[in-house]
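What follows is one structure encoded as structure tokens, with my remarks underneath.
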Amino acid sequence: MKNNLARDGQKLASNVLFFQSVVVVLVGVITYVLKDGTTAVAFAAGGLMNIIPNSVFAVLAFRYSGASQNQLVVRSFSQGAKLKLFITVILAVIAFYGLNMPPLPIFIGFTVMTISHWVVMVSVQTVSYTTSPSPRDS
93 MKNNLARDGQ KLASNVLFFQ SVVVVLVGVI TYVLKDGTTA VAFAAGGLMN IIPNSVFAVL
153 AFRYSGASQN QLVVRSFSQG AKLKLFITVI LAVIAFYGLN MPPLPIFIGF TVMTISHWVV
213 MVSVQTVSYT TSPSPRDS
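Residue numbers (the numbering used here): 93 to 230.
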């Protein structure tokens, strides 16, 4: 059972993940043009090291909502956070040890995606607070 809160969370998560995907592709293309293919792929690997775990977390965190399902909400959020951490560690090991690429662009890609995640979250919160009616307006 899903209500508007779960749908709103899923919509927010998909918007953030879409923005992150656009950023990783654009910066990857720019890096390819200005530097080389190896650096661009390493940057993209670092970006995916952030985007993939965030996607898994979003799916699990926004499965349920509502006061009647509070135990399910807490459990799915907790499982999502644990799985996100596990996937991030596995992808980091693969990226840093398995790809045989320079580590700095991998780390920069991960960092840029983390920052872009929070920039989008803050900007969406700012927009929603300025566009939603206040309770006094009702």
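No residue lacks a Cβ here, since even glycine has one placed at the ideal position from N, Cα and C.
Everything numeric in this text was worked out from a predicted model, so none of it was measured.
query	result
Any chance the region 150-170 sits against the region 115-122, with 3 or more Cβ pairs inside 8 angstroms?	no
On the CB-based measure, 16 or more other CB atoms within 10 Å of its CB, does F149 come out buried or exposed?	buried
Any contact between the region 170-183 and the region 120-130? By contact I mean 3 or more CB pairs, one from each, below 8 angstroms.	no
Using beta-carbon positions only, say whether F202 and G138 come within less than 9 angstroms of one another.	yes
Among the residues of its own chain, which have a CB less than 7 angstroms from the CB of V119, if the five just before and after it don't count?	F135 and V204
Between which residues of its own chain and S168 is the CB-CB distance below 7 angstroms, once the five residues before and five after are set aside?	L152, A153, R155 and Y156
Out of I143, N96 and L196, point me to the one whose CA is closest to T131's CA.	L196
Quick one: Cα of S230 to Cα of T180, how far?	Model confidence at S230 stands at a pLDDT of 49, short of 50, so the residue's coordinates are unreliable; what they give is reported in the following sentence. Taking the straight line joining both Cα atoms gives about 45 angstroms.
Can the beta-carbon of N146 be found less than 9 angstroms from the beta-carbon of L109?	yes
Below 8 angstroms on the Cβ atoms is my guess for F111 versus V214; work out the distance and round it to an integer in Å.	With a Cβ gap of about 12 angstroms, F111 and V214 do not count as contacting.
Check the C-beta distance from M141 over to A105 and give it rounded, since I have them as a contact under 8 angstroms.	So it is not a contact: roughly 18 angstroms between Cβ atoms.
Assuming I144 and L183 make a contact with CB atoms under 8 angstroms, what is their CB distance in whole Å?	6 angstroms
Count the other CB atoms within 10 Å of the CB of K176; is the residue buried (16 or more) or exposed (fewer)?	buried
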